[in-house]
Ligand SMILES: Nc1ncnc2c1ncn2[C@@H]1O[C@H](COP(=O)(O)OP(=O)(O)OP(=O)(O)O)[C@@H](O)[C@H]1O
Ligand SMILES: Nc1ncnc2c1ncn2[C@@H]1O[C@H](COP(=O)(O)OP(=O)(O)OP(=O)(O)O)[C@@H](O)[C@H]1O
Ligand SMILES: [Mg+2]
Ligand SMILES: [Mg+2]
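Chains as they are written, first to last, in this note's numbering: chain A, 40 to 373; chain B, 40 to 373; chain C, 1172 to 1679; chain D, 222 to 512.
1. Could you confirm whether any beta carbon from chain B is found closer than 7 Å to the beta carbon of residue 267 (chain D)?
2. Would you mind reading off the limits of the beta strand (DSSP E) that contains residue 1503 (chain C)?
3. Does the CB of residue 176 (chain B) have a neighbour CB from chain A at under 7 Å?
4. Curious, which full-length beta strand (DSSP E) runs of at least 3 residues does the region 1270-1337 of chain C contain?
5. Relative to chain D, which residues along the region 87-107 of chain B have a C-beta separation below 7 Å, given in chain order?
6. Beta carbon of residue 260 (chain B): closer than 6 Å to some heavy atom of ligand 1?
7. Please output, in chain order, the residues near ligand 3 using a CB cut-off of less than 7 Å to any non-hydrogen atom of the ligand.
8. Kindly indicate which three-state DSSP category residue 1203 (chain C) falls into: helix, strand or coil?
9. Looking only at its chain, what residues have a beta carbon closer than 8 Å to the beta carbon of residue 1202 (chain C), apart from the 5 residues adjacent to it on each side?
10. Using a C-beta cutoff of 7 Å, does residue 289 (chain B) count as contacting chain C?
11. Between which two residues does the alpha helix (DSSP H) containing residue 1487 (chain C) stretch?
12. Does the separation of the CB atoms of residue 114 (chain B) and residue 170 (chain B) fall below 7 Å?
13. Under a three-way DSSP split, which group does residue 137 (chain B) fall into?
14. Does the contact criterion of 3 or more C-beta pairs under 8 Å hold for the region 316-329 of chain D versus the region 282-302 of chain D?
15. Below 8 Å between beta carbons is the criterion; list the residues of the region 414-430 of chain D that meet it against any residue of chain A, in chain order.
16. Measure how close the beta-carbons of residue 1463 (chain C) and residue 1590 (chain C) come, nearest whole angstrom, since I'm counting them as under 8 Å.
17. What's the gap between the Cα of residue 382 (chain D) and the Cα of residue 80 (chain A)?
18. Should residue 364 (chain A) be labelled buried (16 or more other beta-carbon atoms within 10 Å of its own) or exposed?
19. In chain order, what are the residue ranges of uninterrupted alpha helix (DSSP H) at least 4 long that sit wholly in the region 57-118 of chain B?
20. With respect to the alpha helix (DSSP H) encompassing residue 416 (chain D), which residues constitute its N-terminal and C-terminal limits?
21. For residue 1560 (chain C), I'd like the list of residues in its chain whose CB is within less than 7 Å of its CB, leaving aside the five on either flank, ordered along the chain.
22. Please classify residue 494 (chain D) as buried or exposed, where buried requires at least 16 neighbouring CB atoms within 10 angstroms.
23. When the distance is taken between beta carbons, is residue 1652 (chain C) closer than 7 Å to residue 1637 (chain C)?
24. If you compare alpha carbons, which of A:176, A:264 and A:88 is closest to residue 218 (chain A)?
25. Answer with yes or no whether the minimum CB distance from residue 292 (chain B) to chain D is below 7 Å.
26. Are the CB atoms of residue 318 (chain A) and residue 251 (chain A) within a distance shorter than 7 Å?
27. When the cut-off is 7 Å and only beta carbons count, does residue 264 (chain A) lie next to chain B?
28. Contact between the region 476-483 of chain D and the region 440-447 of chain D is defined here as three or more beta-carbon pairs at a separation below 8 Å; is this criterion met?
29. Checking 7 Å against the spacing of the C-beta atoms, do residue 1342 (chain C) and residue 1375 (chain C) come in under that value?
30. Please state the DSSP three-state secondary structure of residue 1178 (chain C).
31. Pick helix, strand or coil for residue 361 (chain A), following the three-state DSSP scheme.
32. Report the option in C:1195, C:1632, C:1193 and C:1210 whose CA atom is closest to the CA atom of residue 1405 (chain C).
33. From the DSSP output, in three-state form, read off residue 1390 (chain C) for me.
34. Quick one: measure Cβ to Cβ for residue 441 (chain D) and residue 422 (chain D), integer angstroms, because I've assumed they're closer than 8 Å.
35. Comparing the C-beta of residue 255 (chain D) with each C-beta of chain A, is any distance below 7 Å?
36. Can you pull the DSSP bridge partners for residue 1237 (chain C)?
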């Protein structure tokens, strides 16, 4: 009796730290990769490189966290990549063109993201357009608008001192010099923690799962399904806004042409992390691990100086194997 | 009773010509686009341009037909674009490097496609890897292998006379000079017709719908679900092989780096055409229309000399509107 | 004569549930062997083992005297065993005929389908069942009851030696049940062995030869159906005896009208339906399959659009456009189709029970009160006797009847002023059914207006203070409840076609 | 607008700064010469067939002349023949088209330009050590030419320099950043990195900065605000710049001349330049740099 209860509680998996046993196992593919690369190259397992891997995870990880929410509702969001860029461009406009102070830029990025997410949500919930199409249309519109607004050129943040600190600085490093974790990574973890909390502990999260599980039954329970769904898309959009800040800060510029293709990588991280594309189940922790697996893989193969064409082949094969291993593990656990 | 029967027959919609009324309405968004562009520019509705549009549809259309099958089973195939390229490269190896005769090149392309499709199918059906991941892995592997096999450079078909005729020649034009429809377009229609026939009239097609509808129930009925599923993926792969031939012939070369991104466009055509990503329903005719809508849109905006960044914006908006109009129409029709 | 099926010492363990403990069961050819037991006793699990859906963890199965291994549905079919599953599992996007013959389609050469033959054969089966259904209709367009008939047709099409029916009549009306029994008798005479699972006790006497009772995953015993009193079977099932009291109709003459519907219409499904319910009253809805009762309920609840009609709550006009409006106005609706409309089966019991009442467990910051929800869930699990290892068990892993109890719990917890229950006791065992009836009565006694739609006439008769009868989308009459109305009177109104249209009873 | 000459330019890209600079040049010429110009290009340089579709749509508009930067010369030949039949002059830009249909070609010699980068690299690292190359594309003409121009020159002239790896970042700044960091991590003794286009070069700068490797010599290609800043700050030793504005300008100018039936020069070499801290503000250099 107690076993089942435990399993299902572990499955729901809130709190990034707890529920040790199963959580550790979920890391298996990741840990295996880490061990493999460490053995293959002495340059891999070094503080600087681990931090580089984490930093490489930050943007994709934040996007993946955002899209996890939408996927759990049974939807999909193809616009995350270009939305990130759009938010970065808007921040550029606010900070560089208008010269407003940094906090307003941050609010603009997250607000723009939330607003665009809300719009996608409106298309999906109210206009009943399939999420794939609604967000594909959004993706294209935002892609074009980023170019239009920026005048097809990067917007630099040279006039906003401290902007690069958002991603590159290290608050933790200032306190603990031995752990120079860049703020970008810290923001990823905070975002993931917050999203996880919302998902597991709040009504919004509960409805996220419920919508993905059986939307019609939720509607017939008297829930204003459309409003909640729009809320979830808006939240996801806001998270993309955070990703926009991170990438703009990292590149010290808003690159209007960037972003397409990032959606696939984000969705891949989500699915590798065990979230089902048909909705109703998924965890933020899984998504984080999925994003890390991808970053470790890319970094490790580069460190080994594998020829690029083979990197791609090996990445494809390892992704399949990692997910297969994960499926096996879960099946064994019942 | 007879009403119901009729409706359901119309819905299943085999045969590209028949079932006039509902079919014509399904064209509504497309027809509207055509009328709009014709009014806006005298250069649009001209034989040469219409043929250019059709030819631009050919490759994406064939890919979309292939992926329709997989989507109806409730799966997804991200590898179609790179598989197309891979098949083109293999054809290049067979024809140019090995100097074998043209028919063998054709067999190689379709055979390679089917084999790769079968492999994806194996991952999905036997190894129970989610289709998204299985075909993402496949996409990456094929992308890398295309580069490896081709030595990261295009393979030209200058030594195979007649190869470019596959896509550029016009059998119909030879008979009816007033209708110089390129063979590539003819092949698209033939492929669509064959796929439609298989889908509506054969056992394989029946299981395609059944799997997407309720896989568990098919399994409980004692059907060897895995084998059929692998068959569908193989068929879809073979169709990608045809697309590979078309693009290689059109470009007179196998371009090893091409292909990524095409999967999104193909899937978009399928979904615009009314096929549900959750499986169980869809038509090839719809997919063709979806592919045409996208091609007409791109071409028309170019003919109007809309600035490129605005083209993207408008495309996104029109895709959303077209699908919305289609949803409204269907809801009204009950 | 050797037993057709002999199951010995069958064991099945699910994570956290020992579902079958050393179960024995046998079936002779030409008999109807009823399998009875409370919700979650293990009946479906045993049958799923016999039909190759689950692998057994122990024990032996003999078919025709030979020990066999049944490792999949196909193996069971090869042995001549077919099953009608308790949970409908049809392919919604396919037609009726396509569903029936999935995996066995008549083919032409080169893998082409012979659609004409397919539809013809389906027609033949329907004719034998006396069922009027176009084989080309898509399954998603059918009501639950019709879908159930399709499942039955599919099982019949196998022409098996052994036919397992897991609650085939849960969704059926008396008329269809009668048709089904005709078919069962015919099959019986052809020597087919039938395993019959049902919670409707009256069916035992009418159709069963022997009865095996299970409790908590164990066999309690096998008794002859004809000579064993129902009361004894019930006490074998639930371990005690139940008393069966008729409804006591309170005097509601002074009670105010809580809920009124005027001139509700939509196409052919709902044709000018008007009625009212008083505070403290239970209004039963009777009618044949397809009479439109579900449609009326869904329309009131805002789940489907209406063309015309007004709804009054406590005399005030209410505009209900979506279920959210209805719930806000104090209306609750328990759907007849728990799998599609009642439950999020992938979520746990606790989440499902609180689904309609989440605002009650949410603080200002949107944070959920997990402890409070656990408490409420525990309360209803024990109140309704929901058999589950914990309130965190996923609902899809519960037995059918226990799933139904979860939906009931959801609406009891929501605590609405006006409650519409559509087939609330579908698939629920006798003991729990009595509990639910008591609960409904106490809800009414607290002054709530309760509407109960049921296809079981005895249930309608036992519960209702008044009985509304529908036929073809029209309300054909309202009859008094209690002992004053007979089944024949209801059936008369339920078959009152448009030609003979003249409402009886009190004016609607 | 009916009597105005219309000249579409089909380029290899659109969103990148280099192509935007070409567009600027084209627009400038269009304004001066009183013609209408449109500028289009696919999202990335592998989309050969998309470019063909763009060319087809451009031809459907009956232009006076066409400017074309072929991603793959051979693939475009049928359409170029069609243009020839319709008497629409074609001017090639950025890189040549293997055909005699284009009346003129306005391009940079990428191989020679990258070779110059190799010479500068050798000079700056003292003729020996390990270097890496970050390229934007493995299969496009510009990617191949710049890679080969650099790599071959090193192999031919500088036997003591080892090229440890060539990696491709798609011209995406973030991806090139991550890539550079891995290269530095995997090759701690690296002396220099060459970034073969703007996105790659900026990525290399970011990567080097984030890894805190001050002694790695970075050489870039093209310009843009970030590269110019990096050169001023000393993070980048210098870079090769082409003259994209000139390419666009000359292409339109040649197209107008050809459309009028005037004779045009067959090869218009727009040249390339080395720039570093010392000459970045030189007016001649500043004129070919863009932000
Ligand atoms: N797949 C499963 N995983 C875990 N537990 C299960 C599973 N299937 C059934 N059970 C449990 O096994 C027990 C027996 O279930 P079963 O469905 O056989 O009951 P039943 O007698 O058919 O009940 P009902 O009358 O409600 O249909 C129940 O406690 C149920 O929760
Ligand atoms: N999806 C549908 N499409 C078309 N007609 C439908 C659909 N669902 C129901 N109907 C029709 O609506 C009418 C009423 O349906 P329904 O069977 O739900 O009524 P009911 O009185 O609740 O019956 P039941 O006893 O089965 O609950 C019937 O004529 C039925 O055929
Ligand atoms: Mg059961
Ligand atoms: Mg009903």
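Ideal Cβ positions, reconstructed from N, Cα and C, are used throughout, including at glycine.
In short, the structure shows the following:
1. yes
2. 1502-1505
3. yes
4. 1333-1337
5. 87, 88, 91, 95 and 98
6. no
7. C:1214, C:1215, C:1257, C:1337, C:1338, C:1368, C:1570, C:1571 and C:1572
8. strand
9. 1359, 1364, 1365, 1380 and 1381
10. no
11. No alpha helix (DSSP H) contains residue 1487 (chain C), which is instead part of the beta strand (DSSP E) from 1487-1489.
12. yes
13. coil
14. yes
15. 423 and 427
16. Residue 1463 (chain C) to residue 1590 (chain C), Cβ: 20 Å. No contact.
17. 23 Å
18. exposed
19. 59-65, 67-79 and 86-111
20. Run containing residue 416 (chain D): none in the alpha helix (DSSP H); it sits in the beta strand (DSSP E), 413-416.
21. 1187 and 1188
22. buried
23. yes
24. A:88
25. yes
26. yes
27. no
28. no
29. no
30. strand
31. helix
32. C:1210
33. strand
34. 3 Å
35. no
36. C:1234
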